[in-house]
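Worksheet: the structure to be examined is printed underneath.
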Amino acid sequence: MANQAQFRTCPETGLKVDLAAEKLIKVNAVVAVVFLAVGGLFGLLVALTRWPAVHILPDSWFYLALTAHGADVLLFWIIFFEMAMLYFCSAILLNSRLAAPKLAWGAFWLMIAGAVMANVAVLQGNSSVMFTSYVPMQAAPHFYLGLILFAVGILVGLCCFFGTLVIAKDEKTYEGSVPLVTFGAITAAIIAVFTVACGAIILIPTFLWSVGLIPTIDPLIYKIVWWGFGHASQQINVAVHVSIWYAIAAMTFGAKPLSEKVSRTAFLMYILFLQLASAHHLLVEPGVSSEWKIFNTSYAMYLAVVGSMVHGMTIPGAIEAAQRKRGLTNGIWEWLRKAPWSNPAFAGMFMSLVMFGFLGGISGVILGTEQLNIIMHNTVYVPGHFHATVVAGTTLTFMAFTYPVINLIFRKEIIWPKVAQYQPYVFGLGVMGISVFMMGAGTLGVARRHWDITFADATLSFEYPPMAIMLMGLNGLAAILAAAGGLMYVSVVIASIWKGKPREVVAVSEPTPEAEALTSYGSAGTLHLPGTAILVGIFFLSFVLYYFINWKYLATVWPLS
Amino acid sequence: MAIHSPSDRIWWNKPIEKMELIWIGIAFCWGLFMFCAMIWWHIYGEQNLSNETYKTTPELFESRTEAMVEAYTVREEGDTGIPVVHPPAGSDVYLLARRWEFYPILELDMGQSYRIHMSSTDWQHGFSLQPTNINLQIHPGYEMVLTITPDSSGVFNIVCNEFCGIGHHQMLGRIHVVE
Ligand code: HEM
Ligand SMILES: [Cu+2]
Ligand SMILES: [Cu+2]
Numbered sequence: 007m008a009n010q011a012q013f014r015t016c017p018e019t020g021l022k023v024d025l026a027a028e029k030l031i032k033v034n035a036v037v038a039v040v041f042l043a044v045g046g047l048f049g050l051l052v053a054l055t056r057w058p059a060v061h062i063l064p065d066s067w068f069y070l071a072l073t074a075h076g077a078d079v080l081l082f083w084i085i086f087f088e089m090a091m092l093y094f095c096s097a098i099l100l101n102s103r104l105a106a107p108k109l110a111w112g113a114f115w116l117m118i119a120g121a122v123m124a125n126v127a128v129l130q131g132n133s134s135v136m137f138t139s140y141v142p143m144q145a146a147p148h149f150y151l152g153l154i155l156f157a158v159g160i161l162v163g164l165c166c167f168f169g170t171l172v173i174a175k176d177e178k179t180y181e182g183s184v185p186l187v188t189f190g191a192i193t194a195a196i197i198a199v200f201t202v203a204c205g206a207i208i209l210i211p212t213f214l215w216s217v218g219l220i221p222t223i224d225p226l227i228y229k230i231v232w233w234g235f236g237h238a239s240q241q242i243n244v245a246v247h248v249s250i251w252y253a254i255a256a257m258t259f260g261a262k263p264l265s266e267k268v269s270r271t272a273f274l275m276y277i278l279f280l281q282l283a284s285a286h287h288l289l290v291e292p293g294v295s296s297e298w299k300i301f302n303t304s305y306a307m308y309l310a311v312v313g314s315m316v317h318g319m320t321i322p323g324a325i326e327a328a329q330r331k332r333g334l335t336n337g338i339w340e341w342l343r344k345a346p347w348s349n350p351a352f353a354g355m356f357m358s359l360v361m362f363g364f365l366g367g368i369s370g371v372i373l374g375t376e377q378l379n380i381i382m383h384n385t386v387y388v389p390g391h392f393h394a395t396v397v398a399g400t401t402l403t404f405m406a407f408t409y410p411v412i413n414l415i416f417r418k419e420i421i422w423p424k425v426a427q428y429q430p431y432v433f434g435l436g437v438m439g440i441s442v443f444m445m446g447a448g449t450l451g452v453a454r455r456h457w458d459i460t461f462a463d464a465t466l467s468f469e470y471p472p473m474a475i476m477l478m479g480l481n482g483l484a485a486i487l488a489a490a491g492g493l494m495y496v497s498v499v500i501a502s503i504w505k506g507k508p509r510e511v512v513a514v515s516e517p518t519p520e521a522e523a524l525t526s527y528g529s530a531g532t533l534h535l536p537g538t539a540i541l542v543g544i545f546f547l548s549f550v551l552y553y554f555i556n557w558k559y560l561a562t563v564w565p566l567s
Numbered sequence: 040m041a042i043h044s045p046s047d048r049i050w051w052n053k054p055i056e057k058m059e060l061i062w063i064g065i066a067f068c069w070g071l072f073m074f075c076a077m078i079w080w081h082i083y084g085e086q087n088l089s090n091e092t093y094k095t096t097p098e099l100f101e102s103r104t105e106a107m108v109e110a111y112t113v114r115e116e117g118d119t120g121i122p123v124v125h126p127p128a129g130s131d132v133y134l135l136a137r138r139w140e141f142y143p144i145l146e147l148d149m150g151q152s153y154r155i156h157m158s159s160t161d162w163q164h165g166f167s168l169q170p171t172n173i174n175l176q177i178h179p180g181y182e183m184v185l186t187i188t189p190d191s192s193g194v195f196n197i198v199c200n201e202f203c204g205i206g207h208h209q210m211l212g213r214i215h216v217v218e
């Protein structure tokens, strides 16, 4: 078996690249980008409709576009890209052959079939149920069937991933422990198994209900299990994009984690404290008790949040340490000022880190606080929050990582380096805008998933504060910027893959000696990282401040008991 | 490097940087604090959900709501003549959500407490009371009970903030709070 696999040796990294794995990485990544393009277009249309002065789509199209947007970007773009990442982190990083490439192709085609089927159902117009498809609202049966096929595809792909780990270990393709990045991918894959199981448990009965074989589905049970799938999948995203942050830090700076032990434990926390993740989507729901809500959103100590806060320190810390070793020791910030800001992989990664932490992380914890949820549930604060996590965090990171992937896996040069160079900034700024403006409007009460916040054709009349309307307008402007950044990404990626110059073999770069010097862990006292200390200090202060501001806001609301 | 196996094979017994330890300590304590804050608010805070919920059916909930409407309607409002109900302070008040209205309109006295019962007779809806900004989820089949005490007067509108079909954006309700 083993000798059937064909390899090439990467001239730049010295890694052995299994050609079958390489091909699978390529197709999964390209399909992901196509879904991002489609879903992003829907996102722009949605944002322009929510801008009251523009209001571009009619109502039925708006709800259709919103459903398609959620499914295409959150599920299809992200998960296809993650499949590519899993093959990369297993076969490529471990110098191994991929287990059962035929099966991996089966997974790929199942996922395609599912994604296309769900899209067809949505575009036919009778499945505008949002990607959450809360019962008793009902979509066409092939909407659910599409999602089920997609989930089965994921499961098959996961089997190939785990199989590859086993092969690599058996065939001793690496020495010692797996790399940290692979370790992160393993945590993601384990969470993915749990996720897919929840998805199956709820979507299969829902499908049977939609064809009339099951009489009813309890809406509350549906939500509890559905979010076991919907939220756990966000935990996958975090584990994967944090792994990529480490990878980009390593590839750009030769940065080593400050401590393997700490970073790995932080990944493990994502599994161990994978909250019964539905809880924080059900904080203002009837039928679940406060004890259940409080315990399950926090497991009494928010250890998954602690995990992310640890990565949020160790990654900039690793970069600072690497830069300082390299001699950039002037003052507090030279290491950061002289970072390669014109390298889109680094620029995207670093912006993603900052925005994920400051915007997505803080707002997420606040949304997930039992009582604070009362002032935010289902307002546009919620999409504001998750565009900071899943777009500024995950999507921007995936975009950043695509550039080295084009070089190393597709063996192509970036066709328009200038476009690539500015792309993360344009997209990052746009996404920052949509997150902040939606969070702002949500604080003023504006509803999410709402076609007309001026209520022009309602029997009663109501107006949100003018400030809220203005914020939704600014959101529309930011959306145009984000869409422009998205277009830059899609076009430079597709054009490079298709027409880019084949990559010249750059001189074989041995792992840089400076990087090796960083091996000495635990040299406590020798490593001074004032920049990182200040960064996390600012982060912590903002977190605490904003947390208390929200309690103060809650205290002004009508008493409830 | 993070993309290679750790070059120290025995990485797990290396000491941890002091800075990392401090940060982990801070993060952990903060996590504990935030956990306790939720419990603290249940004891000392004024905005908590009651956790009182009953199973119900559309018919049952509709009939209770109708009984209240018959007893306490004071006038009608809007083009479609939605009843405005002024229930006695302290009483049980029913608010029904259905495609695409909140029924009926309520008139409450400022500073008085009411036991509000909420349910839906069809799909899920969202109760988003503006501008005070209270947001709750309404499920069919479940009756949520909550004691509210309006502490400001004026006209408050209820926006449906859970997508509930094509009329979702027309779904508004109202609560008048009078002094
Ligand atoms: C051009 C970039 C994007 C723009 C302008 C954009 C804009 C928006 C807007 C305005 C909403 C609607 C909020 C509402 O009415 O409730 C929305 C919803 C959403 N977006 Fe995006 N978005 C973009 C990219 C993304 C990406 C890349 C992802 C995921 C990776 C994403 C995930 C979602 C999800 C899951 C929803 C919720 C859909 C629902 O409520 O069912 N968006 N987006
Ligand atoms: Cu509704
Ligand atoms: Cu609605």
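Keeping their order, the protein sequence lines are chains A and B.
Under the numbering used here, read the first sequence as residues 7 to 567, first letter to last.
Under the numbering used here, read the second sequence as residues 40 to 218, first letter to last.
Beta carbons: idealized from backbone N, C-alpha and C, even for Gly.
Every value quoted in this text rests on a predicted model; they were computed, and no experiment measured them.
Straight-line gap, residue i to residue j (C-alpha atoms, nearest Å)
i	j	result
A/Met-257	A/Glu-18	11 Å
A/Phe-4	A/Leu-80	Residue 4 of chain A is absent from the model: chain A starts at 7 and stops at 567.
B/Leu-99	B/Val-113	23 Å
A/Tyr-93	A/Tyr-559	47 Å
A/Gly-448	A/Gly-390	8 Å
A/Thr-532	B/Lys-57	Any reading at A/Thr-532 needs caution, since the residue's pLDDT is 46, under 50, leaving its predicted position unreliable; the model's value is listed next. Between A/Thr-532 and B/Lys-57, the C-alpha separation is close to 11 Å.
B/Gln-209	A/Pro-58	15 Å
A/Ala-523	A/Ala-255	Because A/Ala-523 sits at a pLDDT of 37, beneath the cut-off of 50, its placement in the model cannot be relied upon, and the following sentence gives the value as read from the coordinates. Computed Cα separation, rounded: 16 Å.
A/Phe-168	B/Asp-190	58 Å
A/Ala-195	A/Asn-101	19 Å
B/Phe-72	A/Gly-543	18 Å
A/Ala-146	A/Ser-216	7 Å
A/Phe-461	A/Gly-49	22 Å
B/Thr-104	B/Arg-138	16 Å
A/Asn-556	A/Val-550	10 Å
Per-residue DSSP class, three states only, for residue i
i	result
A/Thr-19	coil
B/Gly-64	helix
A/Arg-14	strand
A/Pro-519	Only weak support is given to the placement of A/Pro-519: the predicted model assigns it a pLDDT of 39, under 50, and the question is left unresolved by the model.
A/Ala-453	strand
A/Ser-526	Any reading at A/Ser-526 must be qualified, since the residue scores a pLDDT of 41, below 50, and its modelled position is unreliable; the value itself is stated next. Looking at A/Ser-526 - three-state DSSP - the assignment turns out to be coil, as it is neither helix nor strand.
A/Ala-145	coil
A/Trp-557	helix
A/Thr-532	Its pLDDT being 46, under 50, A/Thr-532 is placed unreliably by the model, and nothing is read from it.
A/Asn-379	helix
A/Ala-464	coil
B/Gln-151	coil
Cβ neighbours of residue i in the same chain (closer than 6 Å, five flanking residues each side left out)
i	result
A/Gly-313	Ala-272, Met-275 and Tyr-276
B/Val-123	Val-113, Arg-114, Glu-116, Ile-144 and Glu-146
Among the options, nearest to residue i - alpha-carbon criterion
i	options	result
A/Asn-384	A/Ala-406, A/Ala-453, A/Ile-325 and A/Gly-318	A/Ala-453
A/Ala-38	A/Asn-101, A/Val-122, A/Leu-99 and A/Ala-327	A/Val-122
A/Leu-566	B/Lys-53, B/Pro-45 and B/Ile-82	B/Ile-82
A/Arg-417	A/Ala-194, A/Met-473, A/Ser-134 and A/Val-511	A/Val-511
A/Tyr-150	A/Thr-138, A/Ile-160 and A/Leu-161	A/Thr-138
A/Lys-424	A/Met-445, A/Met-361, A/Tyr-495 and A/Thr-303	A/Tyr-495
B/Thr-95	B/Val-108, B/Asp-161 and B/Trp-51	B/Asp-161
A/Phe-433	A/Gly-399, A/His-287, A/Glu-181 and A/Pro-142	A/Gly-399
A/Val-141	B/Ser-159, B/Pro-170 and B/Trp-80	B/Ser-159
A/Ala-43	A/Ser-497, A/Pro-508, A/Ile-503 and A/Thr-538	A/Ser-497
A/Lys-299	B/Asp-47, B/Ile-78, B/Ala-66 and B/Ile-65	B/Ile-78
Residues of its chain near residue i, where Cβ-Cβ distance is below 7 Å and the 5 sequence neighbours each way are ignored
i	result
A/Pro-263	Leu-186, Tyr-252, Ser-269, Thr-320 and Ala-324
Residues of the region 542-562 of chain A with Cβ closer than 9 Å to any Cβ of chain B, in chain order: Val-542, Phe-546, Phe-549, Val-550, Tyr-553, Trp-557, Tyr-559, Leu-560, Ala-561 and Thr-562
Check each residue of the region 47-73 of chain B: if its Cβ is closer than 7 Å to any Cβ of chain A, include it; give the result in chain order. Asp-47, Arg-48, Trp-50, Trp-51, Lys-53, Pro-54, Ile-55, Glu-56, Lys-57, Met-58, Glu-59, Trp-62, Ile-63, Ile-65, Ala-66, Phe-67, Gly-70, Leu-71 and Met-73
Using a beta-carbon distance cut-off of less than 7 Å, what residues from the region 134-165 of chain B approach chain A? Trp-162, Gln-163 and Gly-165
Please name the residues in the region 184-200 of chain B whose beta-carbon is closer than 7 Å to at least one beta-carbon of chain A, in chain order. Leu-185, Thr-186, Ile-187, Thr-188, Pro-189, Asp-190, Asn-196, Val-198 and Asn-200
What residues in the region 90-104 of chain B have a beta carbon less than 9 Å from any beta carbon of chain A? Asn-90, Glu-91, Thr-92, Tyr-93 and Lys-94
For the region 442-462 of chain A, which residues have a CB atom closer than 7 Å to at least one CB atom of chain B, in sequence order? Gly-451, Ala-453, Arg-454, Arg-455, His-456, Trp-457, Asp-458 and Phe-461
Positions along the region 278-312 of chain A whose CB lies within less than 7 Å of some CB in chain B: Val-290, Glu-291, Pro-292, Gly-293, Ser-295, Ser-296, Ile-300, Ser-304, Ala-306, Met-307, Tyr-308, Leu-309, Val-311 and Val-312
Listed in chain order, which residues of the region 11-44 of chain A have Cβ atoms closer than 7 Å to some Cβ of chain B? none
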